[in-house]
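Here the protein sequences line up with chains R and L, keeping their order. Under the working numbering, the first residue of the first sequence carries the number 7, and numbering increases by one thereafter. Under the working numbering, the first residue of the second sequence carries the number 2, and numbering increases by one thereafter. We put the beta carbon where it would ideally sit given N, CA and C, even for glycine. Note that the structure is predicted; figures quoted are calculated from it, not measured. In what follows, a structure is listed as structure tokens, so that the remarks can point back to it.
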Amino acid sequence: DVKVTQSSRYLVKRTGEKVFLECVQDMDHENMFWYRQDPGLGLRLIYFSYDVKMKEKGDIPEGYSVSREKKERFSLILESASTNQTSMYLCASSFRRSNTEAFFGQGTRLTVV
Amino acid sequence: GEDVEQSLFLSVREGDSSVINCTYTDSSSTYLYWYKQEPGAGLQLLTYIFSNMDMKQDQRLTVLLNKKDKHLSLRIADTQTGDSAIYFCAESIPGNNRKLIWGLGTSLAVNP
Numbered sequence: 007d008v009k010v011t012q013s014s015r016y017l018v019k020r021t022g023e024k025v026f027l028e029c030v031q032d033m034d035h036e037n038m039f040w041y042r043q044d045p046g047l048g049l050r051l052i053y054f055s056y057d058v059k060m061k062e063k064g065d066i067p068e069g070y071s072v073s074r075e076k077k078e079r080f081s082l083i084l085e086s087a088s089t090n091q092t093s094m095y096l097c098a099s100s101f102r103r104s105n106t107e108a109f110f111g112q113g114t115r116l117t118v119v
Numbered sequence: 002g003e004d005v006e007q008s009l010f011l012s013v014r015e016g017d018s019s020v021i022n023c024t025y026t027d028s029s030s031t032y033l034y035w036y037k038q039e040p041g042a043g044l045q046l047l048t049y050i051f052s053n054m055d056m057k058q059d060q061r062l063t064v065l066l067n068k069k070d071k072h073l074s075l076r077i078a079d080t081q082t083g084d085s086a087i088y089f090c091a092e093s094i095p096g097n098n099r100k101l102i103w104g105l106g107t108s109l110a111v112n113p
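In structure tokens form, the structure reads like this:
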């Protein structure tokens, strides 16, 4: 079974802290994605990566950065957490071929206080 | 631009059929997907349909695609309480295979 694992299910951080959300996949997928999910707004793409050390901005990259040093790991970084970044964060991965079935992690519920 | 729309809520009785609808704007979509998200969990792929197909059936699930109207539907037969979840429609676009365009999700409530 494909497994996408996010390092934390729940996280509480203080405003201004630097926050790292980690995601690991075990299927040798080229593509990896970070989304945030908010009620009424659906899934919004923050960043994605299609190869090691490659990244592209999604629809809402402001306030975030990413790192992909190894193929299996994709990290989302909140440089200085703010309360409006309280959300559910979902990591996903997929092969690069055109049938882009995405496999998701279980999500990290981040609360910034 | 690219857009996928779904109704936000659907309520059905256990044992009835559920039909969740989705419309999309990009006629060049290659694949269209249905994902399911159970409470507190990530999304999982339910089924997908290639854009040159009209229908796909998989056990209790039937996907219908009307390319002319850019309309996609998911029918769940004999809906059970375990089907209560959020259902997302998504499309992939040629030349943009790295990401999917998502609808906001339809929250399905199944009442006993």
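In the structure shown, the three-state DSSP call for L/Asp84 is helix. Straight across, the Cα-Cα distance linking L/Leu101 with L/Gly83 is about 26 Å.
In this structure, R/Phe54 and R/Met38 form a Cβ contact; the two beta carbons are roughly 7 Å apart against a cut-off of 8 Å. Contacts with chain R at 8 Å (Cβ-Cβ) do not include L/Gln60.
For the C-beta of L/Tyr88, not a single chain R residue is nearer than 8 Å; the gap to the nearest is close to 12 Å. Against R/Gln112, the close residues of chain L are Ala42 and Gly43, in the order they occur along the chain (beta-carbon pairs closer than 7 Å). Contact between the stretch 9-16 of chain L and the stretch 29-45 of chain L is absent, with fewer than three C-beta pairs closer than 8 Å.
The alpha-carbon separation between R/Lys76 and R/Met60 amounts to approximately 11 Å.
Residue environment for L/Ala78: exposed (fewer than 16 other C-beta atoms within 10 angstroms of its C-beta).
One Cα belongs to R/Ile83, the other to L/Lys69, and the distance between them is close to 42 Å. Relative to the Cα of L/Lys71, the nearest Cα in the group L/Tyr36, L/Ala86 and L/Cys90 belongs to L/Cys90.
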